[in-house]
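Notes to accompany the following structure.
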Amino acid sequence: MSNSPDAEVQDLMTRYFEGLYHSDSDVLRTVFHPDLAYVNATEGTYEHMGLEAYMARIDARTPPASRGDAREEVIERITFKGARIGIIEARMTMMGRNYQDLLTIIHSDQGWRVLTKVFSFVERKD
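The sequence shown runs 4 to 129 under the numbering used here.
Put into structure tokens, the structure is as follows:
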């Protein structure tokens, strides 16, 4: 695999989508920075939490994969600002919802990690 930032971030996003779909906090811990800020900005459901609270939620969740939930993921844009920070715009469908994610990333000693996850969702109509 290439050591380019693009290839590393593509790998990060593969782990992100897989970890969420399989509710695998071990995989997600390789994605998120220990200082993660998780923000649900959906109208009427604003919430903020850190990594440990979010991982506890993931661990308590029935994995969408175990139910065979429909799944769609798209990375809409990756923008780097210098060699150490960037932002990812992505969307995904799972658990009967369409999610829009804004992920800020930082390059740390462990490689690229998501420092903030700000997202919103709408319930699917189908």
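Cβ atoms here follow ideal geometry from the backbone N, Cα and C, with glycine treated the same way.
My output table needs one value for residue i: the three-state DSSP class, helix, strand or coil.
| i | result |
| --- | --- |
| residue 70 | helix |
| residue 38 | strand |
| residue 14 | helix |
| residue 22 | helix |
| residue 104 | strand |
Quick check on residue i: buried or exposed, where buried means 16 or more other Cβ atoms within 10 Å of its Cβ?
| i | result |
| --- | --- |
| residue 93 | buried |
| residue 120 | buried |
| residue 41 | buried |
| residue 142 | Residue 142 lies beyond the range of the chain shown here (4 to 129); nothing can be said about it. |
| residue 127 | exposed |
| residue 70 | exposed |
Just checking: is the beta-carbon of residue i within a distance shorter than 9 Å of some beta-carbon in chain C?
| i | result |
| --- | --- |
| residue 10 | In the structure shown, chain C does not exist; there is a single protein chain. |
Where do the ends of the alpha helix (DSSP H) carrying residue i lie?
| i | result |
| --- | --- |
| residue 60 | 54 to 63 |
| residue 28 | 28 to 31 |
Measure the beta-carbon distance from residue i to residue j and round it to whole angstroms, keeping in mind my assumption that it falls under 8 Å.
| i | j | result |
| --- | --- | --- |
| residue 26 | residue 66 | 4 Å |
| residue 22 | residue 31 | 4 Å |
Looking at the secondary structure, which residues open and close the beta strand (DSSP E) in which residue i lies?
| i | result |
| --- | --- |
| residue 93 | 88 to 97 |
| residue 79 | 75 to 84 |
| task | Would you be able to state if there are at least three C-beta pairs under 8 Å between the stretch 7 to 19 and the stretch 107 to 121? | result | yes
| Does the count of Cβ pairs from the stretch 21 to 41 and the stretch 51 to 64 closer than 8 Å reach three? | yes
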